[in-house]
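Only one structure is covered here, and it is reproduced in the block below.
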Amino acid sequence: MSKERSFVLGVDLDGVCGDYTAAFANVVAAERNVDASTLPSQRGWDFAEWGLEDLGGFDAVHRLAVMDHRMFRSMPVMPGAPESLWRLSDAGVWIRIITHRLWVNWGHAVAVSDTVEWLDQHAIPYRDICFLGRKPEVEADCYVDDSPDMVEGLRQAGNTVVVFDAPYNRHLEGPRAETWTDVEQAVTSLVAERGIPLQAALPGLDDGPHRFRGRLGG
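Set out below in structure tokens:
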């Protein structure tokens with residue numbers, strides 16, 4: 419089955435596949451020499467609740483996180499993300515990673531290499547990966563994203579978006595997914611509704627238990 423006939427799923431990384439909030443909290447805690455549990459878990463999109471002014475503001479801390487703490491290499495994976503993505507991929511869904519991680523000046527090589535290493539470490543399947551901020555310019559049949567601005571922009575351009583649930587996007591209308599099982603079910607339903615035939619597995623992807631070798635430490 420060719421890519422043109424596949425169902426393409428555009429998948430965000432931060433806040434969807436990877437737990438950005440937990441990873442960023444560890445960085446802020448380390449910089450302040452406090453415990454990460456002291457930071458509010460219910461935070462807005464701009465992290466205003468964390469009062470980052472003492473550290474130079476969000477942009478400065480994010481740069482530290484990417485360049486010094488190598489956050490994109492150590493970020494916790496969202497529960498169930500690899501397993502659900504493998505089941506979708508095995509069914510014939512074309513997984514397209516779309517992430518806006520190249521906005522730290524002079525840090526692109528680190529961001530890209532750490533991102534790819536993280537994807538391999540957690541055995542997350544994907545057929546291609548796009549590093550860009552304007553996601554409506556990328557062709558996909560459905561997107562999974564947590565950013566309020568990105569969801570609204572994609573929908574205004576006529577795209578189907580599943581909102582990955584977070585405190586800062588509760589004002590958005592569904593479809594909404596609280597877990598990766600919810601994502602998997604929503605995508606499977608969309609594929610069925612559109613009558614796109616799926617196959618057992620796309621060529622070029624490892625199968626069997628070796629796909630999770632990174633996560634299992636093998």
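For the sequence shown, our numbering gives the first residue as 419, with consecutive numbering after it. Think of the CB as a built atom: it goes at the ideal place given N, C-alpha and C, for glycine as much as any other residue. Note that this is a predicted model, so its numbers are computed, not measured.
Beta-carbon separation (whole angstroms), THR578 vs ASP559, contact threshold 8 Å: 7 Å
Spatial distance of ILE542 from LEU503 (CA atoms): Taking the straight line joining both Cα atoms gives about 7 Å.
Answer with buried or exposed for LEU550, where buried requires no fewer than 16 other C-beta atoms within 10 angstroms of its C-beta. exposed
Alpha-carbon spacing of GLY510 relative to GLY475, whole angstroms: C-alpha of GLY510 to C-alpha of GLY475: approximately 43 Å in a straight line.
Whether PRO566 touches VAL580 by CB criterion (9 Å): No. Outside cutoff.
Measure the CB-CB distance between PHE442 and VAL495 and report whether it falls below 9 Å. no
Where LEU590 and ARG505 are concerned, what is the direct C-alpha to C-alpha distance, given to the nearest angstrom? 27 Å
So the alpha helix (DSSP H) ASP364 belongs to, where does it begin and stop? Any question about residue 364 goes unanswered here, given that the chain covers just 419 to 636.
Element boundaries [alpha helix (DSSP H), containing ARG514]: Unbroken run through ARG514 is the beta strand (DSSP E), 512–517; no alpha helix (DSSP H).
Contact under 9 Å by Cβ, ASP563 with ASP430: yes
Which two residues bound the contiguous alpha helix (DSSP H) that contains TYR438? 438–450
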